[in-house]
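Asker: First, the structure itself, so that you have it in front of you.
Protein chains: 4
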Amino acid sequence: MKTITKDPLVIGGHTFSSRFILGSGKFNMDLIEAAIEHAKAEIITLALRRANTEKNDNILNHIPKGVTLLPNTSGARNAEEAVRIARLAREIGCGNFIKIEVIRDSKYLLPDNYETIKATEILAKEGFVVMPYMYPDLNVARDLWNAGAACVMPLGAPIGSNKGLCTKEFIQILIDEIELPIIVDAGIGKPSEACAAMEMGAAAIMANTAIATAGNIIEMAHAFRLSVEAGRAAYLAGPGRVLNMQGEASSPLTGFLEEAK
Amino acid sequence: MKTITKDPLVIGGHTFSSRFILGSGKFNMDLIEAAIEHAKAEIITLALRRANTEKNDNILNHIPKGVTLLPNTSGARNAEEAVRIARLAREIGCGNFIKIEVIRDSKYLLPDNYETIKATEILAKEGFVVMPYMYPDLNVARDLWNAGAACVMPLGAPIGSNKGLCTKEFIQILIDEIELPIIVDAGIGKPSEACAAMEMGAAAIMANTAIATAGNIIEMAHAFRLSVEAGRAAYLAGPGRVLNMQGEASSPLTGFLEEAK
Amino acid sequence: MKTITKDPLVIGGHTFSSRFILGSGKFNMDLIEAAIEHAKAEIITLALRRANTEKNDNILNHIPKGVTLLPNTSGARNAEEAVRIARLAREIGCGNFIKIEVIRDSKYLLPDNYETIKATEILAKEGFVVMPYMYPDLNVARDLWNAGAACVMPLGAPIGSNKGLCTKEFIQILIDEIELPIIVDAGIGKPSEACAAMEMGAAAIMANTAIATAGNIIEMAHAFRLSVEAGRAAYLAGPGRVLNMQGEASSPLTGFLEEAK
Amino acid sequence: MKTITKDPLVIGGHTFSSRFILGSGKFNMDLIEAAIEHAKAEIITLALRRANTEKNDNILNHIPKGVTLLPNTSGARNAEEAVRIARLAREIGCGNFIKIEVIRDSKYLLPDNYETIKATEILAKEGFVVMPYMYPDLNVARDLWNAGAACVMPLGAPIGSNKGLCTKEFIQILIDEIELPIIVDAGIGKPSEACAAMEMGAAAIMANTAIATAGNIIEMAHAFRLSVEAGRAAYLAGPGRVLNMQGEASSPLTGFLEEAK
């Protein structure tokens, strides 16, 4: 009998068993460790500013062993600034992974796709595992792929909005056309939305605000972990057909009463 | 630190740790045991016809110990027929739980709410734990409550359609107004939809077709189990706020580059 | 060449060219006449209480000639009260049309389908043109049809909510199965929603709150009229096919540049 | 009393009373005139290839006087080709309006935003009224504005798909942030979707496939005209508030029966 599939996520040659990436930006320091534990995340983002302070509550002290750090270029307004931040991150010991965020719009925090392509090209050549945050535009995703990105990270809705999968149709196109992991990275507000993205074939989900603004952070981290696993299992299982509208009996409806008489 | 909540489901005085109810109508006999194992279901429905045959593949032989049988009145076209089936089920040893299904529409298989109320009233007085399948009408749910139902089981979409939570707004009203477990019982086609119903406050989910028509039944049963747990945990955690549209920085955006110069 | 179709609405043997029914409950007296003019409504509801006052601002003085009055049984909590109000309405000269509203739920104002069936049966026998407001339940719609209703008036969402067509899938079932005009009667908040209901095959739309709470009542009445006409024309025209996702060139894409060289 | 607003559309200094733009790519020659008449379109697109043939059925012979021609650069795969087509169109007498379409993806026909910006910049300097078709990315819309575009034309869904307003949230951002007319230009499949886009504040709608693939082209052209007018009127009127879920009585519910006793 078939059993549950082992199905690792591979990014830039590295293998992960978790498909949930936790953002650290909005957590209190003392909750991060617990959130990671309950979300079972193996990758955690961090903004460089949080990493390089001298204070005792340096976030790096709260990251469990075995978790991969994913510094982001938060604050960069163009490719040049993003590149500079990425290099700094590597210098101070954050490793080779880098999440490119280039944002020139301070209201909706939407990524600048073209500066992102430029930064990706430079950093991929320097040996980084480049994970670019992007607006889900197929042409841009192709360019990022060609530029050496290790995955693409399209947004579901504006960062921090918890609005869900507003870009659903276009993320599906990326999943169907781009042979890189597609990681949905902003806007996911509820576990059911993470699950739906995974059912479509997304390779992983990243969330921060949805958990950080929940009533109980630990319980919500746990919920996200389960929902991402559920969505992946459903994708692998292959969902059943949807009827147009008519119902179809699950149970044998006819005959029983006649026989029972 | 807070930990994950233990949160049992109570129906008619009985306590369950699983919030996923598996329908058995569409499964091949040899897959039922495995599906129950991977869905971790503690309640499984069965149509009487499947239970009372003399053949060796009697479904009762495939139900693991400790699982509660929920015979349904599938085939009943009015209250009288439903009552008759329920009594038969008890006589042949299926226990006190009964799922009322009264269906006079053979195309969409929509429940007849008023015959369902009548059957509920009679059977509740006879000591059954009555779980009525119903069209999500608030007035009817109140009547079922008054008639002694142990829960109400509104449909999300027509039986077997896998169309999802088409009645969302009205199921939310039931959840808000009726002090009985609200168990979403038909139409759920994907784990993300089960998760969304649980996030709204549904007490449990029942599915059959979604799993039976999946490419890999075992994997999909597993996916449903996880998604129902995820949705419950998210409901208990309390989801974060949704911004109207504007984004909000997860990471500290400002200042970094200036300092880094 | 085909021209625009003349396509009257027939209710209880009466013919109307407008498919927009205006509710009068929430309007200021001096705006009703103008709203009717701009909505081109030929049927206008009124609560009996508004009709039977002795004051100078009696709403009947504001209804233009040629408009059919549709008194409703607003305030009725059961069939008996609804029947009483209907008879009163006829006595004081409001004519044979009656909209049945039986509501026992004061929070969501959802109709009591079964009391509505009872009232419909009694009043149809007394020669009324009975237009019942109902929760969109197929079995109930069949019963109303058998009871002599002239149409059925399912809700889109709770009265006054402006939430739109939350019951879409089930209204479609009524349209497909019931050979009476299906008039969507509560919850429609925007012209696009009225248009969508008409595209599905609804026979008419009734609105009140959507117009009464608009910034400019006259302009919104005009908008509703146009959108209902648009939706009907689209239904008659037969909408084009929807592609699954891929695009398809509207313009001839290939070859041009080669030739132009 | 307030009356219906006169509210012209201004593009590149030209004034139009219609807010519906008709695409000509998919029509049979003999239907174009009638479609224009019933859609009341004042702007009609045409692919250059259709305009420059020598045959008797040249589309230009079918365009009524007073209608503005909008040649598109269909077939262009980059900025250079688009510029070349635009210049050709002006040379052969198609006027100053040009719709930029640069498409390098032949499956979904999604626009190449960056080549579109380049072409816009060049052609705006040459005195064209540049109307760029684009993927609804706020940063790109800002760049098109700076490059001299007369409007922006974001897609609702892939060209010819009739899938509707899949990019709704992001088109709303363009409407709120960009001080140019926002014209929704692909994917609109039904009048209700056109109406919804106009209610949001879109300046105009362009459609082709939705009409060309309808059962009755004339009637559907008429439906689109009405729905676009309805949506504009609703936008100007200002829609009413949406209640969270609870209903609110339109008619005075209380007291009547007590008085009537």
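Line order of the protein sequences matches chains A, B, C and D. The first sequence begins at 1 in the UniProt record's numbering and counts up one residue at a time. The second sequence begins at 1 in the UniProt record's numbering and counts up one residue at a time. The third sequence begins at 1 in the UniProt record's numbering and counts up one residue at a time. The fourth sequence begins at 1 in the UniProt record's numbering and counts up one residue at a time. Note that beta-carbon positions come from the ideal geometry of N, C-alpha and C, so glycine has one too.
For chain B, check one thing: does any of its Cβ atoms lie closer than 9 angstroms to the Cβ of G238 (chain A)?
Answerer: Output row for G238 (chain A): interface = yes.
Asker: Give the range of the alpha helix (DSSP H) segment to which Y235 (chain C) is assigned.
Answerer: 217 to 237 is the extent of the alpha helix (DSSP H) around Y235 (chain C).
Asker: From the beta carbon of F16 (chain A), is the nearest beta carbon of chain D less than 9 angstroms away?
Answerer: Not an interface residue.
Asker: Out of C:P136, C:A79, C:A157, point me to the one whose CA is closest to A124 (chain C)'s CA.
Answerer: Nearest of C:P136, C:A79, C:A157 to A124 (chain C), Cα basis: C:A79.
Asker: Just reading off the alpha helix (DSSP H) that residue 263 (chain D) is part of, what are its end residues?
Answerer: As displayed, chain D neither begins before 1 nor continues past 261, which places residue 263 (chain D) out of reach and without an answer.
Asker: Run through the DSSP bridge pairs and tell me what H14 (chain D) is partnered with.
Answerer: Partner(s): D:I11.
Asker: If you drop the 5 nearest sequence neighbours on each side, which residues of the same chain put their C-beta closer than 8 angstroms to that of K99 (chain B)?
Answerer: Closer than 8 angstroms at Cβ, skipping near neighbours: T45, L70, P71, N72, T73, M131, P132, Y133, M153.
Asker: Identify every run of the beta strand (DSSP E) within the segment 55 to 81 of chain D, keeping only runs that are complete inside it and at least 3 residues long; order them along the chain.
Answerer: Here the runs fully enclosed are 68 to 72.
Asker: Between the Cα of S192 (chain D) and the Cα atoms of C:A233, C:M206, C:N146, which residue gives the shortest distance?
Answerer: With distances taken between Cα atoms, S192 (chain D) lies closest to C:A233.
Asker: At the level of alpha carbons, what is the spacing between N216 (chain D) and A237 (chain C)?
Answerer: Approximately 5 angstroms between the Cα atoms of the pair.
Asker: Spell out a yes or no on whether the segment 18 to 25 of chain B and the segment 220 to 229 of chain B are touching, meaning 3 or more CB-CB pairs, one atom from each, closer than 8 angstroms.
Answerer: Judged by Cβ distances under 8 angstroms, the segment 18 to 25 of chain B makes contact with the segment 220 to 229 of chain B, as three or more pairs qualify.
Asker: Do you know offhand how far Y135 (chain C)'s Cα is from A86 (chain A)'s?
Answerer: Rounded to the nearest angstrom, the two C-alpha atoms are 59 angstroms apart.
Asker: Consult DSSP for I43 (chain C) and reduce its assignment to one of helix, strand or coil.
Answerer: Three-state DSSP puts I43 (chain C) in a strand.
Asker: Is the separation between the beta-carbon of G75 (chain C) and that of A47 (chain C) shorter than 9 angstroms?
Answerer: Contact flag set, yes.
Asker: Does the Cβ of G189 (chain C) have 16 or more other Cβ atoms within 10 Å, making it buried, or fewer, making it exposed?
Answerer: Buried: at least 16 other Cβ atoms inside 10 Å.
Asker: Taking only three categories from DSSP, how would you classify V130 (chain C)?
Answerer: Correct three-state label for V130 (chain C): strand.
Asker: Do we get a CB-CB distance below 9 angstroms when we pair P136 (chain A) with the residues of chain B?
Answerer: Judged by the 9 angstroms Cβ criterion, P136 (chain A) is not in contact with chain B.
Asker: Does any CB atom of chain C fall closer than 9 angstroms to the CB of H222 (chain D)?
Answerer: Answer yes: the Cβ-Cβ gap between H222 (chain D) and chain C drops below 9 angstroms somewhere.
Asker: 9 angstroms is my cut-off, CB to CB: does E115 (chain A) come that close to chain B?
Answerer: No, because no Cβ of chain B sits closer than 9 angstroms to the Cβ of E115 (chain A).
Asker: So, at 8 angstroms on beta carbons, what are the nonlocal neighbours of F170 (chain D) in its own chain, with the 5 sequence-adjacent residues on each side left out?
Answerer: P136, D137, L138, P154.
Asker: If distances are taken between C-alpha atoms only, which option among B:H62, B:G156, B:V129, B:E101 comes closest to A202 (chain B)?
Answerer: Per the Cα distances, B:G156.
Asker: At the level of alpha carbons, what is the spacing between A147 (chain D) and I117 (chain D)?
Answerer: Looking at the two C-alpha atoms, the distance is approximately 7 angstroms.
Asker: For T15 (chain D), collect the residues of the same chain with a Cβ closer than 6 angstroms to its Cβ; drop the 5 residues on either side in sequence, then sort them by chain order.
Answerer: Closer than 6 angstroms at Cβ, skipping near neighbours: P8.
Asker: Once you ignore the five residues that flank V67 (chain B) on each side, which residues in its own chain have a CB closer than 8 angstroms to its CB?
Answerer: Closer than 8 angstroms at the Cβ level, and outside the excluded window around V67 (chain B), lie I36, A41, E42, I43, I44.
Asker: Is it right to say E179 (chain B) is buried, meaning 16 or more other beta carbons lie within 10 angstroms of its own, or is it exposed?
Answerer: By the 10 Å Cβ count, E179 (chain B) comes out exposed.
Asker: Note the first and the last residue of the continuous beta strand (DSSP E) segment covering A194 (chain B).
Answerer: Premise fails: A194 (chain B) lies in the alpha helix (DSSP H), 191 to 200, not in any beta strand (DSSP E).
Asker: Using the three-state DSSP reduction, which class does K168 (chain A) fall into: helix, strand or coil?
Answerer: Residue state, collapsed to three classes: helix.
Asker: Taking any Cβ of chain B, which residues in the segment 164 to 190 of chain C have a Cβ under 7 angstroms from it, in chain order?
Answerer: If the cut-off is 7 angstroms between Cβ atoms, the segment 164 to 190 of chain C has C166, E169, I173 near chain B.
Asker: Counting only Cβ pairs nearer than 7 angstroms, list the residues of chain A close to T213 (chain B).
Answerer: Simply G240, R241.
Asker: Three-state secondary structure (DSSP) at D185 (chain B)?
Answerer: Coil, per DSSP.
Asker: Take the Cβ of N113 (chain A) as the centre, count every other Cβ of all protein chains shown within 10 Å, and call the residue buried at 16 or more, exposed below.
Answerer: When all chains shown are included, N113 (chain A) counts as buried.
Asker: Considering I205 (chain D), what are the terminal residues of the alpha helix (DSSP H) in which it resides?
Answerer: That residue, I205 (chain D), is in no alpha helix (DSSP H); its beta strand (DSSP E) goes 204 to 207.
Asker: How about P8 (chain C): is its C-beta nearer than 9 angstroms to some C-beta of chain D?
Answerer: No, P8 (chain C) lies away from the interface with chain D (no Cβ there is under 9 angstroms from its Cβ).
Asker: Taking only beta-carbon atoms, is N162 (chain C) less than 9 angstroms away from chain B?
Answerer: N162 (chain C) does not count as touching chain B.
Asker: Between which two residues does the beta strand (DSSP E) harbouring L138 (chain C) extend?
Answerer: Counting along the chain, L138 (chain C) falls outside any beta strand (DSSP E), though it belongs to the alpha helix (DSSP H) covering 138 to 146.
Asker: So if I threshold CB-CB distances at 9 angstroms, which residues from the segment 76 to 110 of chain C count as touching chain D?
Answerer: Answer set for the segment 76 to 110 of chain C: A76, R77, E81, R84, I85, L88, E101, I103, D105, S106, K107, Y108, L109, L110.
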